[in-house]
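When we follow the working numbering, the leftmost residue of the sequence shown carries the number 108, and every step to the right adds one.
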Amino acid sequence: MEKTNADNYEQMQQGLMLPVMEEFCTVQGEGHNTGKAAWFIRIGGCDVGCSWCDVKESWNAELHPLSFTKDIIEHAVQQAVRSVVITGGEPMLYNLNPLCEGLKFSGFETFLETSGSAPLSGIWDWVCLSPKKNAPALEKYYNIANELKVIIADKSDLEWAEICAEQVRNSYCILYLQPEWSRFREISPVIIDYVKNSPKWNVSVQAHKFLRIP
Ligand code: SF4
Numbered sequence: 108m109e110k111t112n113a114d115n116y117e118q119m120q121q122g123l124m125l126p127v128m129e130e131f132c133t134v135q136g137e138g139h140n141t142g143k144a145a146w147f148i149r150i151g152g153c154d155v156g157c158s159w160c161d162v163k164e165s166w167n168a169e170l171h172p173l174s175f176t177k178d179i180i181e182h183a184v185q186q187a188v189r190s191v192v193i194t195g196g197e198p199m200l201y202n203l204n205p206l207c208e209g210l211k212f213s214g215f216e217t218f219l220e221t222s223g224s225a226p227l228s229g230i231w232d233w234v235c236l237s238p239k240k241n242a243p244a245l246e247k248y249y250n251i252a253n254e255l256k257v258i259i260a261d262k263s264d265l266e267w268a269e270i271c272a273e274q275v276r277n278s279y280c281i282l283y284l285q286p287e288w289s290r291f292r293e294i295s296p297v298i299i300d301y302v303k304n305s306p307k308w309n310v311s312v313q314a315h316k317f318l319r320i321p
C-alpha cells in the first residue's frame with residue numbers, strides 16, 4: 108500500500124523517519140572533539156535563522172527527502188568509524204530517540220550539535236550546545252551540555268557569550284568562543300585578546316574549513 112503524507116508525518120513524529128540532508132564520513136572540525144573521525148548525519152530543517160549560517164540550504168526540511176531511521180542507522184553501521192555526529196539544521200526539531208537507540212545498540216558514541224532551541228530527545232555521549240540570540244536555548248541544555256560553543260561575529264557577541272556562560276549549570280562544561288568564518292580575520296584577534304583576560308574561555312576554530320573537508 109502506498110504511503111501517504113499523513114503516514115509519513117506520523118512516522119516522523121515517532122522518529123521512525125527523518126529528513127536527512129546528507130550523511131558523510133569526515134573529521135570533526137570544531138570544539139573539544141576536533142580531529143576525531145566520525146560519521147556525520149545532517150538533518151534538514153531549522154527555524155533559528157542565523158544571518159551568517161553556512162548551511163542555509165538545510166533550513167527548509169521539505170527539500171530533504173524523508174529516510175527511514177533504520178536505514179540511517181544501517182548506513183552508519185557500514186562505516187569503519189563508531190562515532191556519529193548528529194547535526195543540522197536543528198536536529199532537535201525531531202524525535203531522535205529511535206535513531207539514538209539504534210546507534211547505541213550498534214555500539215556508537217553519539218555526539219549532538221544543537222542550538223538547544225527545541226525540546227531534547229535522544230541519548231547522547233556528548234552534547235555541544237551552541238545557543239543563538241534569535242532563539243535562545245532551553246534551560247535543560249545548560250544543565251547537560253558538555254561544551255558551550257558561542258559563535259562570535261562581532262564584539263557584542265561576547266556579551267551574549269557571557270549571558271550563556273552564566274546559565275551553564277555543570278562544572279564539566281567546556282566553554283568555547285568560535286570566530287564566525289566569514290569574519291575570521293577581523294574577529295579572531297578580538298577573541299584571542301578576550302580569552303587571555305578571561306581564561307575560562309577556550310578558542311575553537313573551524314579546522315575543517317582550513318583542511319577543506321566537509
Ligand atoms: Fe544555521 Fe545552525 Fe543557525 Fe540553524 S542554528 S540557522 S543551522 S547556524
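Yeah, the Cβ is synthetic: ideal placement off N, Cα and C, and Gly gets one too.
Beta-carbon contacts of residue i that lie in its chain and below 8 angstroms, excluding the five residues immediately before and after
i, result
"residue 122", "176, 201, 202, 203, 204, 205, 206 and 228"
"residue 326", "Because the chain here runs from 108 to 321, residue 326 falls outside it and cannot be looked at."
"residue 318", "134 and 136"
Simplified DSSP state of residue i, which is helix, strand or coil
i, result
"residue 317", "helix"
"residue 200", "helix"
"residue 297", "helix"
"residue 159", "coil"
"residue 322", "Since the displayed the chain opens at 108 and closes at 321, residue 322 lies outside it and no answer follows."
Limits of the unbroken beta strand (DSSP E) element including residue i
i, result
"residue 149", "144–150"
"residue 259", "254–259"
"residue 133", "124–134"
Residues near residue i in its chain [Cβ-Cβ closer than 6 angstroms; skip 5 each side]
i, result
"residue 219", "193, 231 and 234"
"residue 252", "234, 236 and 280"
"residue 314", "136 and 141"
Contact set for residue i: own chain, Cβ-Cβ below 7 angstroms, skip 5 residues either direction
i, result
"residue 159", "260, 287 and 289"
"residue 186", "132 and 146"
Residue interval of the alpha helix (DSSP H) (run including residue i)
i, result
"residue 267", "263–274"
"residue 120", "112–120"
"residue 246", "246–251"
"residue 179", "176–184"
CB of residue i within 8 angstroms of CB of residue j, strictly
i, j, result
"residue 222", "residue 312", "no"
"residue 138", "residue 254", "yes"
"residue 143", "residue 190", "yes"
Just to be sure I understand the criterion: a residue counts if its Cβ is closer than 6 angstroms to at least one heavy atom of the ligand SF4. Which residues meet that? 153, 155, 156, 157, 160, 162, 165, 195, 196, 197, 222 and 239
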